[in-house]
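Worksheet for the structure shown next.
Number of protein chains: 2
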Amino acid sequence: MMKRQYPTLAEVAKVAGVSLMTASRAINNRPGVSPEKREDILRIADEMGYVVNRAAQKLSGARTRIIAVVAELHTPFTSDLVLGMGAVARAADYEMLVYSLPVCDRRPPGSILDLLHQIADGVIVILPYESDYLESVVSAHIPVVTIEQGAVSAFPSVTADNYQGAISALQHLIELGHRRIAFISGNDRLTSARDRRRAYRDILAQARLPYDPDLEVAGDFSRKSGFEAANKLLALPDRPTAIFAANDISAYGAIAAIREAGLSVPGDISVVGFDDIPIASQLHPQLTTVRQPLQQMARASVNLLLALVAGLDAPSEQIVLPTQLIVRESTTPLKARKRKDEAVKVGVGR
Amino acid sequence: MMKRQYPTLAEVAKVAGVSLMTASRAINNRPGVSPEKREDILRIADEMGYVVNRAAQKLSGARTRIIAVVAELHTPFTSDLVLGMGAVARAADYEMLVYSLPVCDRRPPGSILDLLHQIADGVIVILPYESDYLESVVSAHIPVVTIEQGAVSAFPSVTADNYQGAISALQHLIELGHRRIAFISGNDRLTSARDRRRAYRDILAQARLPYDPDLEVAGDFSRKSGFEAANKLLALPDRPTAIFAANDISAYGAIAAIREAGLSVPGDISVVGFDDIPIASQLHPQLTTVRQPLQQMARASVNLLLALVAGLDAPSEQIVLPTQLIVRESTTPLKARKRKDEAVKVGVGR
DNA sequence: CAGCGGAACGTTAGCGCTAACGTTCCATCG
DNA sequence: CGATGGAACGTTAGCGCTAACGTTCCGCTG
Numbered sequence: 002m003m004k005r006q007y008p009t010l011a012e013v014a015k016v017a018g019v020s021l022m023t024a025s026r027a028i029n030n031r032p033g034v035s036p037e038k039r040e041d042i043l044r045i046a047d048e049m050g051y052v053v054n055r056a057a058q059k060l061s062g063a064r065t066r067i068i069a070v071v072a073e074l075h076t077p078f079t080s081d082l083v084l085g086m087g088a089v090a091r092a093a094d095y096e097m098l099v100y101s102l103p104v105c106d107r108r109p110p111g112s113i114l115d116l117l118h119q120i121a122d123g124v125i126v127i128l129p130y131e132s133d134y135l136e137s138v139v140s141a142h143i144p145v146v147t148i149e150q151g152a153v154s155a156f157p158s159v160t161a162d163n164y165q166g167a168i169s170a171l172q173h174l175i176e177l178g179h180r181r182i183a184f185i186s187g188n189d190r191l192t193s194a195r196d197r198r199r200a201y202r203d204i205l206a207q208a209r210l211p212y213d214p215d216l217e218v219a220g221d222f223s224r225k226s227g228f229e230a231a232n233k234l235l236a237l238p239d240r241p242t243a244i245f246a247a248n249d250i251s252a253y254g255a256i257a258a259i260r261e262a263g264l265s266v267p268g269d270i271s272v273v274g275f276d277d278i279p280i281a282s283q284l285h286p287q288l289t290t291v292r293q294p295l296q297q298m299a300r301a302s303v304n305l306l307l308a309l310v311a312g313l314d315a316p317s318e319q320i321v322l323p324t325q326l327i328v329r330e331s332t333t334p335l336k337a338r339k340r341k342d343e344a345v346k347v348g349v350g351r
Numbered sequence: 002m003m004k005r006q007y008p009t010l011a012e013v014a015k016v017a018g019v020s021l022m023t024a025s026r027a028i029n030n031r032p033g034v035s036p037e038k039r040e041d042i043l044r045i046a047d048e049m050g051y052v053v054n055r056a057a058q059k060l061s062g063a064r065t066r067i068i069a070v071v072a073e074l075h076t077p078f079t080s081d082l083v084l085g086m087g088a089v090a091r092a093a094d095y096e097m098l099v100y101s102l103p104v105c106d107r108r109p110p111g112s113i114l115d116l117l118h119q120i121a122d123g124v125i126v127i128l129p130y131e132s133d134y135l136e137s138v139v140s141a142h143i144p145v146v147t148i149e150q151g152a153v154s155a156f157p158s159v160t161a162d163n164y165q166g167a168i169s170a171l172q173h174l175i176e177l178g179h180r181r182i183a184f185i186s187g188n189d190r191l192t193s194a195r196d197r198r199r200a201y202r203d204i205l206a207q208a209r210l211p212y213d214p215d216l217e218v219a220g221d222f223s224r225k226s227g228f229e230a231a232n233k234l235l236a237l238p239d240r241p242t243a244i245f246a247a248n249d250i251s252a253y254g255a256i257a258a259i260r261e262a263g264l265s266v267p268g269d270i271s272v273v274g275f276d277d278i279p280i281a282s283q284l285h286p287q288l289t290t291v292r293q294p295l296q297q298m299a300r301a302s303v304n305l306l307l308a309l310v311a312g313l314d315a316p317s318e319q320i321v322l323p324t325q326l327i328v329r330e331s332t333t334p335l336k337a338r339k340r341k342d343e344a345v346k347v348g349v350g351r
């Protein structure tokens, strides 16, 4: 086990007939080696199948050109984000390692963060919780960028404008004439969820619509919670004509419930989601939703991190990227108000 | 940047008033330290916020209790698998690091595999391609387990029984009376896709059904390809009464196409998928599909790897796990054959 | 041609850790 | 009571690499 099989730099240097340090310089493309010798060394290293030992490299204080990402990987949103980051990192000639957090586990991820610190030049944390522990664990050894960390965060962060995004979705519904607008919330551990909820309450006040606690149902971003929340809403004596769900997945859960109740989307109830996950444009009905600027978030976070790694100080920068309302099939203007009650009794299909 | 902030073992030892090595033994729970002193050292280490430097640990030849996973993370199937592995690894007091392969990039992932070797005690590769490069890159430094690697693989592997799974799906359709059964293939780079295709051809022969090349349409596991493939099938003069799609995603693509054509599933055409992704039981219609034993695959692969890490030699073991046919709503017995032509003209809705 | 500077290399000293081997000390035994 | 052996500890030598210096040598200047 563990028989060394890769050659070491020293062996390469020996074969090439140069000193260890010259070989190191050649491999790392640093000055101080004549062009011929450099080429020679590189050729020999290649022939011998030499690869640098990153552990040793990092141990002796150098850059490894690796960044680490810590995330819960169970949603399309996060995994797409991670994919995007990988692409950006690779484009910058960095490699990216992912630590997949145990889903919904509040305990600190233990030594793994430390480990990543020891390996990587920087860390991106997609940890949307108000995690008190994060700051204690992640001390200032290497740069850290957070995604969706609340304003509390001591780290530079990149986030989508959840508040404005939710506002635009709700504004859309109001412009369509809806007055009884329900909200299916997300997991309130997440700042993003809280921002969307805040937008809901604010816009009601702003549009001088009454706030009805019955119309604000707790969810957790899951399809199931959307389904159940919608059922609660449908059971109300005066049910809403529009639903804003805190994310696309729960929006589709709500749609399923609405349909099972014999109602149609958007005929009877308009539904808006949040995220614009890929299938939102493919499933029927195509979902009106708020698009998160995934690619830009990936790009911005990686670039910010690399800037920090390079030693440029972007002092605790908070980047907020704009969202975009994507209007598709699941929303429609409110029909003449009177028809609503009729619809309840007749149970209008699609 | 990089100011050392974690204390080193030496510093802990100094504070504890013992030698470096005694501290190491205490921390690593090795014999040779008196119980009191051990407790003392552990307490002090904890107070000082000591964490081992894995890079150094690995460099000096020890275990790191980390396993690495290399995978394309863009499908629910792989990301769920990775999630499962993480849980199993954690249960065994191992940490897991993920390297997300660039999607559909055939080039070798370069130095990252070597890197993982240098950090991890073992690697699991979810690389369903017949990748010639894999074997050259991954040499025998640390144990490697592959998922879905073809039989060609030189490594121990864990895989679902794609062939039997496909057989059971097709058998199901045949038992329902279907005779014109189409196949939407997957990406043939993947051994799993090839196995499913092989099953398709075999079962036709076995059931003495004619093989019609028109009924075997190329796909690539994507929703779009399923959609387009179904359209091709619907355009045939004598269209199939059942479709077996190589995975769930493309099955849903096919269903969308069938519906757009004004036909119903399973009323006009039965559809079977493969994988049993979570939403297969939630979307309408609930999909009849072949369940891959995800949890078992995760468990088996991690356990196999850890066994190898522990030095037990499981000589090039190939574990094949059984699949399970899940019959839901998307398949139904073939109606009286004669009705088929009628249906074409009338365009039976649901 | 002495003097100097800079490119091209080599040497040394660690980074933090562990394996392997020393050393100390004390209980046990013939 | 000296020999013995084993537990408890300490010391040393690296793992593979790089930063920070040395050293060499050559071309150039005045």
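First to last, the protein sequences are chains A and B. Under my numbering, the first residue of the first sequence carries the number 2, and numbering increases by one thereafter. Under my numbering, the first residue of the second sequence carries the number 2, and numbering increases by one thereafter. A virtual CB, placed ideally from N, CA and C, is assigned to each residue, including glycine. Here the structure is a predicted model, which means the values were calculated and not measured.
Residue i - partner residues in DSSP beta bridges
i: A/Leu-322; result: A/Ala-161
i: B/Ile-280; result: Per DSSP, none; premise fails for B/Ile-280.
i: A/Met-97; result: A/Ile-68
i: A/Ser-271; result: A/Ala-243
i: B/Gly-123; result: B/Ile-68
i: B/Glu-217; result: B/Phe-184
C-beta neighbour in chain A for residue i, strict 8 Å
i: B/Gly-87; result: yes
i: B/Gln-293; result: no
i: B/Met-22; result: no
i: B/Leu-306; result: no
i: B/Ser-25; result: no
i: B/Ser-226; result: no
i: B/Ser-80; result: yes
i: B/Arg-91; result: yes
i: B/His-173; result: no
i: B/Val-52; result: yes
i: B/Val-83; result: yes
Minimum Cβ-Cβ distance from residue i to chain B less than 8 Å
i: A/Tyr-408; result: Only positions 2 to 351 of chain A appear in the structure, and residue 408 of chain A is not among them; the question remains open.
i: A/Pro-286; result: no
i: A/Met-97; result: yes
i: A/Ser-331; result: no
i: A/Lys-336; result: no
i: A/Pro-103; result: yes
i: A/His-179; result: no
i: A/Ala-56; result: yes
i: A/Ile-313; result: In the sequence as displayed, the identity of residue 313 of chain A is Leu instead of Ile. Not an interface residue.
i: A/Asp-276; result: no
i: A/Lys-59; result: yes
i: A/Ala-237; result: In the sequence under discussion, the amino acid at residue 237 of chain A is Leu, which differs from the Ala named in the question. Chain B contact via Cβ: absent.
i: A/Leu-116; result: yes
i: A/Leu-74; result: yes
Sequence-distant residues of the same chain with beta carbon closer than 8 Å to residue i, five excluded per side
i: A/Asp-196; result: Asn-163, Tyr-164 and Ala-167
i: B/Leu-82; result: Ala-72, Ile-127, Ile-148, Leu-295, Met-298 and Ala-299
i: A/Val-345; result: Because the pLDDT at A/Val-345 is just 42, under 50, the model does not fix this residue reliably, and the value given afterwards should be weighed accordingly. Same-chain partners within the cutoff: Arg-240.
i: B/Pro-36; result: none
i: A/Asn-1; result: Here chain A covers residues 2 to 351 and nothing more, so residue 1 of chain A does not appear.
i: B/Ile-42; result: Val-13, Ala-14, Ala-17, Val-19, Thr-23, Ala-24, Ala-27, Ile-28 and Val-34
Per-residue burial, residue i [other beta carbons within 10 Å of its own, 16 or more giving buried]
i: B/Gly-254; result: buried
i: A/Ala-208; result: exposed
i: B/Ser-97; result: Checking the displayed sequence, the identity of residue 97 of chain B turns out to be Met instead of Ser. By the neighbour-count rule (16 or more Cβ atoms within 10 Å), B/Met-97 is buried.
i: A/Ser-251; result: buried
i: A/Gln-319; result: exposed
i: A/Gly-18; result: exposed
i: A/Met-22; result: exposed
Chain-order list of residues whose beta-carbon lies under 6 Å from that of residue i (same chain, five-residue window excluded)
i: B/Pro-267; result: Ser-331, Thr-332 and Thr-333
i: A/Gly-123; result: Ile-68, Ile-143, Pro-144, Leu-306 and Val-310
i: A/Tyr-212; result: Leu-205
i: A/Ala-246; result: Ile-185, Gly-227, Ala-252, Ala-255 and Gly-274
Which runs of the beta strand (DSSP E), 3 residues or longer, sit entirely within the region 174-202 of chain A? 182-185
Hey, which unbroken runs of the beta strand (DSSP E) at 3 residues or more fall wholly within the region 224-265 of chain A? 243-246
Jot down the residue ranges of each uninterrupted beta strand (DSSP E) in the region 33-87 of chain A, minimum 3 residues, whole runs only, in chain order. 67-72
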